[in-house]
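In the working numbering, the protein residues as written are 398 to 644.
Virtual Cβ for every residue (Gly too), placed ideally from N, Cα, C.
Written out below as structure tokens is the structure these notes cover.
Written as structure tokens, this is what we have:
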């Protein structure tokens with residue numbers, strides 16, 4: 398019997414964990430499979446091991462593991478596989494099918510345009526856009542975020558779009574914002590490529606609040622509960638149903 402295990406990042410902030418659970422539960426209603434569980438990589442429970450145990454106790458003999466992640470990085474390539482390797486030691490007859498992160502998709506980039514539009518601020522011709530990614534030591538992260546920013550420029554017509562990161566990659570968010578303020582753009586739009594609220598979003602918000610006296614900074618909302626995000630995650634679930642499982 399097939400089970401679905403959604404693996405979200407986890408947060409020490411209760412609001413972020415609740416937002417992730419609410420989002421995934423909405424996706425579960427779109428997936429016609431009886432056995433579905435939510436777990437977290439860190440900072441929240443149930444853990445990956447607990448989620449697998451629950452599915453096994455409910456009768457799962459094969460589990461689709463769905464990373465609730467935007468891009469491929471360390472969590473996808475190392476942390477989740479390490480958890481699955483350990484689980485295979487406990488359940489040698491259990492098979493896993495490992496899904497893909499959402500990755501770079503036009504329908505997700507269009508959400509960023511909507512988040513800009515939702516500010517109800519009319520952009521000036523010289524407006525600066527900063528797309529803010531989480532960041533990773535995996536070089537693919539920068540490639541992906543830059544591709545997203547390029548597409549955002551194509552669909553919005555903004556002439557001046559840069560990327561920056563909250564960790565591991567350069568330039569940092571603080572460096573990019575400081576540079577934009579020094580350049581005296583009439584507006585700076587901050588566009589977070591972040592799924593849920595949490596420590597990182599709060600850091601962005603605090604940094605913006607501390608810098609507003611130096612320029613006109615418009616902070617956009619995170620990706621959140623957009624319907625296109627739910628459809629994208631649902632599609633990742635169904636992709637695993639036609640992928641050969643790994644013993």
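Asked                                                                                                                                                                   : Found
Give me the Cα-Cα distance between residue 458 and residue 480, rounded to the nearest whole angstrom.                                                                  : 17 Å
Would you grab the beta carbon distance between residue 477 and residue 438 for me? Rounded to a whole angstrom, and I think it's under 8 Å.                            : 7 Å
Please report the straight-line C-alpha distance between residue 508 and residue 466, rounded to a whole angstrom.                                                      : 16 Å
Excluding the 5 residues flanking residue 403 on each side, which residues of the same chain have their C-beta closer than 6 Å to its C-beta?                           : 421, 435, 463 and 465
Let's see if you can read the secondary structure: which residues bound the alpha helix (DSSP H) around residue 486?                                                    : 477-487
Use the C-beta contact count for residue 519: other C-beta atoms within 10 angstroms, 16 or more gives buried, fewer gives exposed.                                     : exposed
Please specify which runs of the beta strand (DSSP E), each continuous and at least 3 residues long, are wholly inside the stretch 586-625, giving them in chain order. : 614-616
Assign residue 535 to buried or exposed, taking buried as 16 or more other Cβ atoms, counted over all protein chains shown, within 10 Å of its Cβ.                      : buried
Which stretch, first to last residue, makes up the alpha helix (DSSP H) that contains residue 424?                                                                      : 411-425
Can you tell which of 622, 398, 632 and 606 has the C-alpha that lies nearest to the C-alpha of residue 511?                                                            : 622
Please classify residue 570: does DSSP put it in a helix, a strand, or coil?                                                                                            : helix
Could you check which residue in 540, 506, 598 and 525 has the C-alpha nearest to that of residue 559?                                                                  : 525
Excluding sequence positions up to five away, which residues of its chain have a Cβ less than 6 Å from the Cβ of residue 648?                                           : Shown here, the chain extends from 398 to 644; a query on residue 648 therefore has no answer.
In the stretch 524-559, which residue ranges form an unbroken beta strand (DSSP E) of at least 3 residues, counting only runs that do not cross its ends?               : 525-530
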